[in-house]
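Shown next, in structure tokens, is the structure this report addresses.
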DNA sequence: GTCTATGTTTGCGG
DNA sequence: TCCGCAAACATAGA
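Numbering (the numbering used here), first residue to last: 28 to 304.
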């Protein structure tokens with residue numbers, strides 16, 4: 028579900044809620060597979076007593092630093108949410124992991140589809156090392172993107188969704204970026220002219236920054252829809268140009284937006300602005 | 001009942 | 001090795 032802007036919104040909200048500094052007092056796991064690599068007891072034992080020293084994002088992972096040498100990584104996948112609530116409240120059906128804190132609050136992992144995962148690692152690089160560059164980092168230049176694209180022979184869309192190529196993009200922001208750069212999702216990565224790479228680089232950063240400004244994209248009111256902590260929705264849906272706008276007018280040329288399937292994923296394009304290779 | 005879904009991983013065949 | 005494709009995970013909503 029959540030991509031870079033949604034995950035960053037959650038991280039920002041956790042920071043604003045004053046979570047760093049709190050210590051874990053108790054852990055309950057109601058769906059063991061939400062915890063990867065460890066059994067429930069090991070997970071609870073290793074987490075209990077640890078203090079949260081920092082919270083950050085890497086790709087689509089939320090990283091809780093538990094000083095000095097432990098990290099809780101949370102990947103929300105399709106339907107995961109984090110909730111920060113007053114302790115002792117009743118447990119609703121999809122809340123699979125409850126982390127009680129010494130300030131009286133509870134961090135709860137809510138995940139109807141159960142695809143999300145929590146990882147507890149000593150070395151953050153164990154999980155994060157395979158991720159590609161952060162698209163909003165200073166070091167992510169058009170030149171670096173050009174080198175990456177040129178070294179591969181894949182279709183643009185599946186390549187941009189590949190987290191080892193670039194970290195944090197998902198179906199929404201890839202469709203939006205390709206539309207903005209006027210590139211068809213099936214274009215081969217090594218076929219782009221220099222100007223097209225610059226346009227793509229600019230488009231990726233533009234759509235992500237806009238998503239961030241709008242606190243992420245919330246698509247509906249359902250249980251698996253994105254909401255930040257405290258059920259707070261984002262407003263970026265209004266800013267989407269093509270994603271889930273099949274049949275509506277392209278904001279640039281007024282042609283109807285089309286929905287096609289690329290790399291097994293639903294894909295939205297303007298057939299006139301984004302011509303097939 | 002049918003179709004779709006903001007994600008990732010694995011296994012297969014070219 | 002690289003690439004594309006299908007399936008698996010599990011559930012809700014239209």
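Cβ atoms here follow ideal geometry from the backbone N, Cα and C, with glycine treated the same way.
{"Asked": "Pair within 8 Å by beta-carbon distance, residue 263 and residue 237", "Found": "yes"}
{"Asked": "Supposed contact pair residue 50 and residue 138 - C-beta distance, whole angstroms, cut 8 Å", "Found": "Actually they are not in contact, since the Cβ atoms of residue 138 and residue 50 sit about 24 Å apart, beyond 8 Å."}
{"Asked": "For residue 99, the first and last residue of its enclosing beta strand (DSSP E)", "Found": "97-102"}
{"Asked": "Three-state secondary structure (DSSP) of residue 81", "Found": "strand"}
{"Asked": "Proximity of residue 211 and residue 302 at Cβ, strictly below 8 Å", "Found": "yes"}
{"Asked": "First and last residue of the uninterrupted alpha helix (DSSP H) at residue 209", "Found": "Neither: residue 209 is in no alpha helix (DSSP H) and is coded neither H nor E."}
{"Asked": "Residue 92, enclosing beta strand (DSSP E) - first and last residue", "Found": "88-93"}
{"Asked": "Distance CB(residue 143)-CB(residue 103) smaller than 8 Å", "Found": "yes"}
{"Asked": "Boundaries of the alpha helix (DSSP H) in which residue 288 is found, first to last residue", "Found": "Premise fails: residue 288 lies in the beta strand (DSSP E), 285-289, not in any alpha helix (DSSP H)."}
{"Asked": "Distance between beta carbons of residue 180 and residue 215, contact taken as under 8 Å", "Found": "6 Å"}
{"Asked": "Under the three-state DSSP convention, the category residue 184 falls into", "Found": "helix"}
{"Asked": "Residues near residue 200 by beta carbon distance below 8 Å, same chain, minus five either side", "Found": "30, 31, 32, 231, 234, 235 and 238"}
{"Asked": "Beta-carbon proximity list for residue 265, same chain, < 8 Å, skipping 5 on both sides", "Found": "241"}
{"Asked": "Residue burial classification, residue 61 (beta-carbon count within 10 angstroms, cutoff 16)", "Found": "buried"}
{"Asked": "Spatial distance of residue 148 from residue 38 (CA atoms)", "Found": "19 Å"}
{"Asked": "Three-state secondary structure assigned by DSSP to residue 168", "Found": "coil"}
{"Asked": "CB contact flag (residue 255, residue 40, <8 Å)", "Found": "yes"}
{"Asked": "Which residues DSSP lists as bridging residue 124, in chain order", "Found": "56 and 136"}
{"Asked": "Inter-residue Cα distance where the pair is residue 10 and residue 295", "Found": "Any question about residue 10 goes unanswered here, given that the chain covers just 28 to 304."}
{"Asked": "Three-state secondary structure (DSSP) of residue 244", "Found": "strand"}
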